[in-house]
Amino acid sequence: MPLSLLFASCLLIAALAFLMGRGKAFKSAGGDIRKLHSLPGYYGWNSALMVLLPSMAALVIWLAVQPLVINSSVSQMISTQSVEASSLDLIMSDVRRVAEGLNKAVEAGAMTEAEVSGATAESMNVRERLGAVGVALGSDVSNETLQAAQSYRDLSATSGLLRTIAVLALALGGLVFGVVRTNKDFRARNTVERVILGLLIAAASIAILTTVGIVFSLIFNTVEFFKLYPAADFFFGLTWSPSFGGGSDLGILPLIWATLYISLIALAVSVPVGLFAAIYLSEYAAPLVRSVAKPLLEVLAGIPTIVYGLFALLTVGPLLVDIFGSNGVLHLGWMQGGTAVMTAGLVMGIMLIPFVSSLSDDIINAVPQAMRDGSLGLGATHSETVKQVILPAALPGIVGAILLAASRAIGETMIVVLGAGAAARLSMNPFDAMTTVTAKIVSQLTGDADFASPEALVAFALGMTLFVMTLGLNVIALYIVRKYREQYE
Amino acid sequence: MTQMPGTIKAAKMTDTKISARNVQVYYGDTHAIKDVNIEIGSRAVTAFIGPSGCGKSTFLRCLNRMNDTIDICRVEGNIDLDGEDIYDSRVDPVQLRAKVGMVFQKPNPFPKSIYDNIAYGPRIHGLVRKKAELDEIVASSLQKAGLWNEVKDRLDGPGTGLSGGQQQRLCIARAIAVSPEVILMDEPCSALDPIATAKVEELIDELRENFTIVIVTHSMQQAARVSQRTAFFHMGNLVEIGDTQDIFTNPVDKRTQDYITGRFG
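Protein chains in written order, with the UniProt record's numbering: chain X, 1 to 489; chain S, 1 to 265.
If you want it as structure tokens, here you go:
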């Protein structure tokens with residue numbers, strides 16, 4: 001039975017269980033809902049869950065385990081000579097491909113079932129026959145592979161049948177168990193709520209486990225990289241010039257420098273502008289202005305960063321060249337091309353303005369009205385109150401907001417790719433093109449590089465460095481924000 | 001008429017500090033204060049009592065124009081401080097509030113050190129030039145507020161780290177530091193326990209030698225203990241004002257009598 005049909009029949013059984021469970025609960029209470037422990041719907045859900053939980057769990061486990069078991073039993077059929085000649089993984093992927101091809105051929109009517117099971121490499125040109133149904137194979141099929149593929153097919157078919165039987169049996173068993181257990185004193189609500197709780201916990205764990213998974217994949221690949229490339233050269237090297245022929249210099253310092261330089265410019269733009277905007281919106285703006293301006297400002301936050309990147313490339317870059325370039329208004333000749341640290345930094349700063357202003361606005365609004373009254377009641381003006389009472393009170397929170405903005409600036413990619421250029425260099429001139437850690441991660445992994453070479457693996461080391469930096473910033477930011485929160489409780 | 005002839009008795013008033021005539025306050029469409037006339041004596045404690053929502057806090061906030069900070073609030077009529085109309089367009093509410101300080105219901109020390117809390121007012125008004133003068137003001141304000149002995153060793157500690165009663169006395173000291181002429185107190189003890197309340201009341205009694213004090217309170221015992229004159233507000237009207245003793249022993253208006261005997265409110 002195909003998977004979708006199996007799934008649908010489980011749902012059908014669950015729906016049946018729902019109706020039966022609810023009906024039985026009604027009956028056991030003699031039609032009087034007040035005699036039931038829980039609302040009738042809970043009895044229905046309880047029975048439905050008894051069907052779905054075990055059968056779906058079995059299905060998921062089966063789907064995960066089946067390929068492993070079949071693979072290991074089929075791979076025993078492959079002789080050691082062929083494994084030495086090629087690799088087991090490659091042969092097994094051939095086997096799977098042939099097996100799929102045979103399936104397809106049977107489905108299309110190009111082969112009969114008997115033909116397939118009786119085929120040998122001598123009696124049939126498998127490559128040709130499968131090519132006819134649209135399955136292209138890279139080489140002629142050896143007898144060994146063909147036999148493995150046949151056995152693979154058989155095992156898959158048997159396993160599929162067993163799977164259907166097991167899942168349906170569990171579903172029906174769940175139906176019987178759930179309905180039999182239902183009577184008016186059964187605590188259906190507690191059971192259902194426990195299951196829901198489990199569901200919530202599972203959802204929360206997925207997020208956390210994914211993070212852990214990401215970190216581990218970074219760590220393993222980083223370790224792999226440091227086996228090929230000395231860590232000291234990576235962390236303290238002053239040149240970044242990867243060459244896929246080997247012998248590249250992979251020093252992170254020029255990239256870190258550009259990352260920090262661009263982030264610094266971005267913060268220098270976004271922090272004052274965002275903060276002043278927040279002060280205006282929360283302290284001075286009339287309610288009408290605020291109700292219009294705040295959502296407008298937050299629209300900026302919804303613009304995809306690639307659009308900002310285009311803005312940097314097409315508008316800000318040329319504009320800066322017009323001013324600071326050799327033919328520019330000021331005849332300074334500081335800037336050679338449109339892509340520069342300054343271009344990316346300015347645009348990134350604009351991107352971060354709503355981030356800073358929105359967070360700061362919330363924090364300033366959280367300062368109790370009693371503080372404002374206290375200060376005004378002493379004869380302070382509004383601006384004195386803002387400067388000397390509200391901002392100091394909100395400062396820890398604002399610092400937290402700035403640190404969060406900084407970690408976003410460090411992790412930003414698209415604006416840098418389009419706005420800052422691709423050349424890694426160590427320079428003080430903000431009108432030079434430079435490139436950052438994130439942009440280099442993209443370029444190291446998007447080429448057709450060998451994944452085992454240091455030039456590709458360095459991306460993971462870069463990612464790990466970036467991860468540690470932003471994680472550190474976020475931890476500090478959260479610590480400060482939390483400390484601030486305790487102040488008024 | 002809300003004020004019957006004879007309700008303003010020949011009180012033991014030295015001289016008038018604040019006098020209000022025909023004051024009306026509106027919150028949007030709500031008429032919160034209706035035609036209030038009142039004279040508040042200098043260097044004495046005047047208590048405003050009345051049931052919740054009667055307008056006593058609203059009226060108190062008119063006296064230093066704190067209601068200006070509320071957009072929908074509108075004040076009409078005359079309020080004179082030392083014979084000058086505080087709602088005159090030439091009067092800057094900021095300067096007025098330096099003369100008429102305020103202590104709020106909930107203690108609201110700034111999240112700064114104890115020293116900086118007290119020094120806040122003198123600093124923004126530029127009252128001092130030298131650090132020594134500021135030290136002197138801080139010390140004397142804390143002494144007047146009866147807090148000096150408790151905090152003199154921890155002036156650099158945060159004001160928010162004090163107990164509720166200490167915080168409220170800190171707020172009073174903060175108001176005193178600006179050397180105002182009038183101190184308005186809006187239910188200053190409602191967030192305090194009885195022992196802290198007793199200390200604050202004792203303090204109010206001492207402060208009346210140098211300051212004119214107006215206090216809003218829900219506790220009639222408190223009004224009786226600390227004030228010389230008491231005004232009873234009801235539904236936005238000033239029902240009766242007189243010497244505290246007279247109000248509590250021999251009220252003229254039936255509503256006052258009902259309130260102080262606990263029949264409503």
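Yeah, the Cβ is synthetic: ideal placement off N, Cα and C, and Gly gets one too. As the structure is a prediction and not an experimental result, all values here were calculated from the model.
**Request:** For V481(X), return the contacting residues in chain S, with the cut-off set at a CB-CB distance below 9 Å.
**Result:** Under the 9 Å cutoff, chain S gives no residues; its nearest Cβ is about 15 Å from V481(X).
Chain-ordered neighbours of V389(X) on chain S, where CB pairs are closer than 7 Å: F110
Quick one: using the 10 Å Cβ neighbour count with 16 as the cut-off for buried, is T120(X) buried or exposed?
-> exposed
**Asked** With a Cβ-Cβ cutoff of 7 Å, do A278(X) and S357(X) count as a contact?
**Response** yes
message: Out of R21(S), S42(S), H234(S) and Q95(S), which one is the CA nearest neighbour of L207(S)?
response: S42(S)
- Taking C-beta pairs closer than 7 Å, name the residues in chain S that E384(X) reaches, listed in chain order. I124
Note to self: Quick check on F220(X): does DSSP put it in helix, strand or coil?
What the structure shows: helix
What three-state label does DSSP hand T120(X) in the structure shown?
coil
Original post:
Taking 7 Å as the CB-CB limit, is R61(S) close to chain X?
Top reply: no
In this structure, how does DSSP classify A11(S) when only helix, strand and coil are distinguished?
Because A11(S) sits at a pLDDT of 44, beneath the cut-off of 50, its placement in the model cannot be relied upon, and the point is left open.
Do three or more CB pairs link the segment 153–161 of chain X to the segment 125–134 of chain X at distances below 8 Å? no
Endpoints, the alpha helix (DSSP H) within which S19(S) is located: Looking at the DSSP string, S19(S) is not in any alpha helix (DSSP H); the run it does join, the beta strand (DSSP E), is T16 to Y27.
**Request:** Specify the secondary structure class of T385(X) as computed by DSSP and reduced to three states.
**Result:** helix
Quiz prompt | Pair within 7 Å by beta-carbon distance, S427(X) and D361(X) | solution = no
Chain S partners of D373(X), CB-CB under 8 Å?
M66, T69, M102, F104 and N108
Query raised in the report: When DSSP labels each residue in this structure, what does R43(S) get in the three-state scheme?
Result: coil
Which stretch, first to last residue, makes up the alpha helix (DSSP H) that contains N46(X)?
P40 to S75
Beta-carbon within less than 8 Å of T465(X)'s beta-carbon, same chain only, minus the 5 sequence neighbours each way: which residues are those? I252, I256 and V437
Practice task
Output the distance between the C-alpha atoms of A177(S) and Q24(S), rounded to the nearest integer angstrom.
Solution key: 32 Å
Margin query: Tell me the residue span of the beta strand (DSSP E) that contains A231(S).
Written below: R229 to H234
message: For the segment 297–323 of chain X, list every residue whose C-beta sits within 7 Å of some C-beta in chain S, in sequence order.
response: none
Review point. Going by the beta-carbon positions, is the gap between A202(X) and V51(X) smaller than 7 Å?
Key: no
Notebook entry, point to check: So, using beta-carbon positions, are G242(S) and L203(S) closer together than 7 Å?
Noted result: no
request  = Rounded to whole angstroms, what's the CA-CA distance from T2(S) to K254(S)? Just pull it up for me.
outcome  = Its pLDDT being 44, under 50, T2(S) is placed unreliably by the model, and nothing is read from it.
**Prompt:** So is G379(X) buried or exposed if we call it buried at 16+ other beta carbons inside 10 Å?
**Reply:** buried
What does C171(S) touch in chain X if you count any residue whose Cβ is under 8 Å from its own? G374
Inset, instruction - Determine the direct distance from the alpha carbon of G337(X) to that of N328(X), and round the result to whole angstroms. - result: One detail in the question is off: residue 328(X) reads as Gly in this sequence, not Asn. If I take the Cα positions, the gap works out to 12 Å.
_Can you check whether the C-beta of G159(S) is within less than 7 Å of a C-beta belonging to chain X?_
no
In its own chain, which residues sit with a C-beta less than 8 Å from the C-beta of V167(X), not counting the 5 before and 5 after it?
L6, C10, S55, A58, L59 and W62
#### Entry: Three-state secondary structure assigned by DSSP to A207(X)
helix
Between which two residues does the beta strand (DSSP E) holding R208(S) run? That residue, R208(S), is in no beta strand (DSSP E); it is neither H nor E in DSSP.
Answer yes or no: do T230(S) and I247(S) have a C-beta to C-beta separation smaller than 7 Å? yes
Is there a C-beta anywhere in chain S that falls below 7 Å from the one on A393(X)? yes
Could you check the C-alpha separation between K227(X) and G213(X) for me, to the nearest Å? 21 Å
With contact counted as at least three CB pairs below 8 Å, one residue from each stretch, are the segment 99–113 of chain S and the segment 150–170 of chain S in contact?
yes
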